[in-house]
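Residue numbers (this note's numbering), protein chains in the order written: chain A, 4 to 117; chain B, 217 to 326.
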């Protein structure tokens, strides 16, 4: 298996622009998680899905952030409009069976908003 | 509120110099504690899961232990390739969320 795939790997954009991050989870996994990692706050959970349904989005910073999972093999995280404080590394992870099992992380997308 | 604290923030060891990393936690009803390794520019990579106090797991030079308040990651005779950030995360309550600590940056010098 290729593992969790994320694109793009790097994104540089100007403040106010829309940003879309993409994720393909491991085939057969029923949970998908979006995280944000910064030096100050570490790894924070933004939202997670079970069987393509959003379960907990309490970590989404504000209405500028939205996430979708239209099918079992694809998810997006969108930021509109982007702000400099959104600069971070965004990780997607997937797992089978939820909390009791390990999560497999993608390589991340490094987002820079100028 | 669930919380995870890792110490030290950074640790520098000589090759072969054994040490331990600490992860202390407060969580309502611990259901699992996870250790991950993260190399620069990469996503975290799973190492261990511990489910109950007293449990221990080993993998090569690493051994993870768990008590009711904390977990230790013991590194025996480390090598330079063990250099990485080690993250601890807890799973508790009625959710499927992991709460991560901020990690320990380990550097092993030859």
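Ideal Cβ placement from N, Cα and C applies to all residues, glycine included.
Beta-bridge partners assigned by DSSP to residue 52 of chain A: A:35, A:57.
Sequence-distant Cβ neighbours of residue 71 of chain A in its own chain, meaning closer than 6 Å and more than five residues away, are 79. Residue burial annotation: residue 245 of chain B is exposed, with fewer than 16 other C-beta atoms found within 10 angstroms of its C-beta. The beta-carbon of residue 266 of chain B is placed no less than 8 Å from the nearest beta-carbon of chain A. As for any alpha helix (DSSP H) of minimum length 4 sitting wholly inside the region 243-313 of chain B, there is none. One finds 313, 314, 315, 316 in chain B with Cβ atoms closer than 9 Å to the Cβ of residue 48 of chain A, taken in chain order. Around the C-beta of residue 313 of chain B, 16 or more other C-beta atoms lie within 10 Å, and the residue is accordingly described as buried. Using a Cβ-Cβ cut-off of 8 Å, residue 59 of chain A counts as an interface residue toward chain B, since at least one Cβ of chain B sits closer than that to its own. At the C-beta level, residue 300 of chain B and residue 322 of chain B come within 8 Å of one another.
When DSSP reads this structure, residue 70 of chain A sits in a beta bridge with A:80. Here residue 110 of chain A has 9, 12 as same chain residues with Cβ atoms under 7 Å from its own Cβ, once five neighbours each way along the sequence are excluded. Taking a C-beta distance under 8 Å as the contact criterion, residue 306 of chain B and residue 249 of chain B qualify as a contact pair. Residue pairing from DSSP places residue 91 of chain A in a beta bridge opposite A:114.
A residue is called buried when at least 16 other Cβ atoms come within 10 angstroms of its Cβ; residue 107 of chain A meets this threshold and is buried. Listed by position along chain B, the residues whose Cβ is nearer than 8 Å to that of residue 105 of chain A are 250, 262, 265. In this structure, the beta-carbon distance from residue 102 of chain A to residue 265 of chain B does not fall below 8 Å.
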